[in-house]
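Have a look at the structure below, then the notes.
In the working numbering, the protein residues as written are 3 to 57.
Here it is as structure tokens:
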């Protein structure tokens, strides 16, 4: 899990930089995209956790 956090930060910044040129919009986009990725991964974790407990 600790490896995911730096990867999320780096991917979010690079993805934001491909969309914008100024630093402020890059950071705003990176924050939104980073939260989206974290929420998506948490939802998948919960689904897999619940499915594995029912086996």
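Backbone N, C-alpha and C define an ideal beta-carbon position, used for all residues, glycine too.
Quick caveat: nothing in here was measured; it's all calculated off a predicted structure.
message: Which residue marks the beginning of the alpha helix (DSSP H) containing residue 4, and which one marks its end?
response: Translated into positions along the chain shown, residue 4 becomes position 2. For residue 4, there is no enclosing alpha helix (DSSP H), since its DSSP letter is neither H nor E.
- prompt: By DSSP, does residue 30 sit in helix, in strand, or in coil?
  reply: Taking the chain shown and counting its residues from 1, one reaches residue 30 at position 28. Residue 30: helix per DSSP, three-state reduction.
query: What number of angstroms, rounded off, separates the C-alpha of residue 43 from the C-alpha of residue 36?
result: Working through the chain shown from its first residue, we reach residue 43 at position 41. Working through the chain shown from its first residue, we reach residue 36 at position 34. Inter-residue distance for residue 43 and residue 36 is about 11 Å (C-alpha atoms, whole angstroms).
task: Determine, using beta carbons only, whether residue 10 and residue 39 come nearer to each other than 8 Å.
output: Stepping through the chain shown from its first residue, residue 10 is reached at position 8. Stepping through the chain shown from its first residue, residue 39 is reached at position 37. Contact flag set, yes.
DSSP-derived helix/strand/coil call for residue 15: Here residue 15 corresponds to residue number 13 of the chain shown, with the count starting at 1. In this structure, residue 15 counts as helix in the three-state DSSP scheme.
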